[in-house]
C-alpha cells in the first residue's frame, strides 16, 4: 500500500509539473517558443551525427581518459581540485566529475573524489555560514524540498543522532549538490560535526557513478562483442536506477511526514516565502 501511495504521489507530482510547464509555455512569446521547439530537433541532429561518428567519438573519449590517467599525481590533483571547486554554489558538474572518475581511475578513484567531496562541501558550508548567510538563504529557496529539510533540521530539541540520520538522508537524496551545501549553512542549529560526519558516512554512494563510469569505459574498449557491450550497458544503467529508486521512496515518505507537521522554524529564521 505504501509503495502504491508513493507511485501515485509521483504520478500526481509529474502531472502537476506538466501542467505548470504547459501554462508556462503558452505564456511565452513566439521566438522563445520556436527556440524551445528547436532544442529536440538539435538533439536529434546531434544524435544522428554521434551515431555516424560513434567509433571516432569512442576512441577520442578513450584517448582523453588514457591521457588523464597518464598524468599520474598531477591528474589526481587536478580531479581533486575540480571536485572541490564544484562544491561551491551555484557551480555545477559534480555528477560529470563522478562519472569521469570511474572512467579514468575505476574504483581506485573513490578515495580521490570522496576526500575532495568532504573537503569541498565542508569549505562551502563554513564559507556560506560565516560570510555568505544571505546567499545560503537564497540557495535554500532554490529548491522546495531543501526548505523542508532545513525546517526539520532546525530543531534545537532534536537529539544529536536524529539530526545525524536526517542529514545522512539529505546527502543520499537526489538534491543539487552545490546548492545543498549552501542551503544547509542557513541552519544555525546544524552542528558542523553532523554535517561533516554525515557527508563522510554517505560517501560510499559515490561507488554508483564510479561504477557507471567504469562500465562506460569497458564498453569503449576494442574487441568487445555487441553482446558484451549490451551486458555492460545494462549493468551501467540498472545499478544507478535501482539506487535512485530506493532513495526516492525513502525520501518521498520522509518528506510527506515532515510536510504533515506545522513547522515554524522558517518564520523564526526569516526564511518564509515573500
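In UniProt numbering, the protein residues as written are 1 to 274. Think of the CB as a built atom: it goes at the ideal place given N, C-alpha and C, for glycine as much as any other residue.
Minimum C-alpha distance to residue i - residue among the options
| i | options | result |
| --- | --- | --- |
| residue 93 | 206, 178, 187, 172 | 178 |
| residue 169 | 203, 188, 185 | 203 |
| residue 193 | 32, 104, 126, 74 | 126 |
| residue 133 | 162, 107, 188 | 188 |
| residue 283 | 175, 191, 174 | Missing from the structure shown is residue 283; the chain here goes from 1 to 274 and no further. |
| residue 207 | 24, 72, 111, 42 | 111 |
Residue i burial status per 10 Å Cβ neighbour count (16 or more: buried)
| i | result |
| --- | --- |
| residue 101 | buried |
| residue 159 | exposed |
| residue 16 | exposed |
| residue 217 | buried |
| residue 171 | buried |
| residue 95 | exposed |
| residue 30 | exposed |
| residue 280 | No information on residue 280 is available, as it lies outside the stretch 1 to 274 that the chain covers here. |
| residue 35 | exposed |
8 Å Cβ cutoff met for residue i and residue j
| i | j | result |
| --- | --- | --- |
| residue 210 | residue 109 | yes |
| residue 65 | residue 104 | yes |
| residue 212 | residue 28 | no |
Proximal residues to residue i (C-beta, below 8 Å), its chain only, five neighbours per side dropped
| i | result |
| --- | --- |
| residue 118 | 196, 199, 200, 203 |
| residue 97 | 79, 82, 83, 86, 113 |
| residue 128 | 89, 135, 136, 139, 181, 182, 185, 186 |
| residue 75 | 68, 69, 104 |
Heavy atom of the ligand ATP within 7 Å of residue i beta-carbon
| i | result |
| --- | --- |
| residue 88 | By its list of ligands, the structure shown contains no ligand whatsoever, and the ligand ATP lies outside what it can speak to. |
Own chain residues within Cβ distance below 7 Å of residue i, not counting five before or after
| i | result |
| --- | --- |
| residue 164 | 194, 197, 198 |
| residue 42 | none |
| residue 122 | 196 |
Own chain partners of residue i with C-beta closer than 6 Å, once the 5 adjacent residues on each side are dropped
| i | result |
| --- | --- |
| residue 106 | 214 |
| residue 116 | 80, 83, 84 |
Output the residue ranges of the alpha helix (DSSP H) runs that lie fully inside the stretch 59-97 and measure 4 residues or longer, sorted by chain position. 73-85
If you scan the UniProt domain "VTT" (94-215) from start to end, which runs of the alpha helix (DSSP H) of 4 or more residues do you find wholly inside it? 94-105, 110-130, 133-141, 144-153, 160-172, 177-184, 192-201
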